[in-house]
Structure formats: structure tokens, C-alpha cells
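Okay, so here's the structure we're looking at.
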Amino acid sequence: MTKILSVVFTLLFPSVALAAPRTFSEFVNLVVNVLNSGAMVLVTLALAVYFLGISTNILNITEDEEAKKRFFFWGILVLFVMVSVWGILNLIQNTLLGTSLDSGVGGIGNSELCDSFGNCGFE
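Quick note, the sequence shown lines up with residues -19 to -1, 1 to 104 if you use mature numbering (1 follows the signal peptide of the UniProt record, and there is no 0).
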């Protein structure tokens, strides 16, 4: 088993080495792409948890109404802050780097500069 794994890792090592960014701009774009993907996952999870909490609160009739209102208010506020921070970071990226990456949200972004694999021509 270890021989098979060593052969597989030996064959895959060049692809890992060649996938490394060649310039600082490519490295920054790679990091920003990873962070944007992570932010999208976090916003999706937060939205799912919020809707789960809403359904739990609506079905729980014995709980007081003020607690339900607080939950709804704080949930919307947290989602708003998360999306706002994401937008502010994209604004800073556009200002400092002069580039905008495809955010993957409904075709918003510079999708015309990116190919189907997400490789954007920012050099």
C-alpha cells in the first residue's frame, strides 16, 4: 500500500509544483479566490442556520414574542454585516490591486476576463 501511495504522490508532485503562482499578482488572486469561496460558504451556512432558527421559532408557540423578535432582528443584522464586510473587502481589493475577480454570484464580476476554469487574465 505504501508503494502505491509513493508512486501516486511522485506522479502528482509535478502538477502541484507547476500549479504554484508565478507572480505576486497571481498569488494574491489565488488567496482572494480562496477567501471569496470561504465567504460564500459562510454566508450560505449562516443563511441556512437563520432559516432553521426562524422555522424553529415559528413552530415553537410557547416561547414569548419578544425573544422571537430579537432572534429575527439579530439574525438579519448578522447577515447584513457579513455581506457588508465581504463587499468592503472587494472594494479594497478593487482599489488597491485594480482588479476584480469573478465572485461566482449570478455572473457578477469580470467573468468576461475569466475562462471556464476560473483562470482570470490578471498579470
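Glycine residues also receive a C-beta, built at the ideal position from the N, C-alpha and C atoms.
When Met63, Leu33 and Leu70 are compared, the shortest CA-CA separation from Phe52 is found for Leu33. For Glu46 and Asn38, the gap between their C-alpha atoms comes out near 9 Å. Taking the Cα positions, Arg3 is about 11 Å away from Leu11. Taking one beta carbon from each stretch, the segment 14 to 29 and the segment 57 to 70 have 3 or more pairs nearer than 8 Å; the two touch.
The DSSP-derived three-state label of Thr4 is coil. Our two residues, Glu44 and Ser6, have alpha carbons roughly 53 Å apart in a direct line. For Met63, the enclosing alpha helix (DSSP H) covers residues Glu46 to Leu78.
Trp67 has its alpha-carbon roughly 17 Å from the corresponding atom of Gly56.
Residue environment for Asn41: exposed (fewer than 16 other C-beta atoms within 10 angstroms of its C-beta).
Scanning Ile35, Val24, Ala48 and Met(-19) for the CA closest to the CA of Ser65 turns up Val24.
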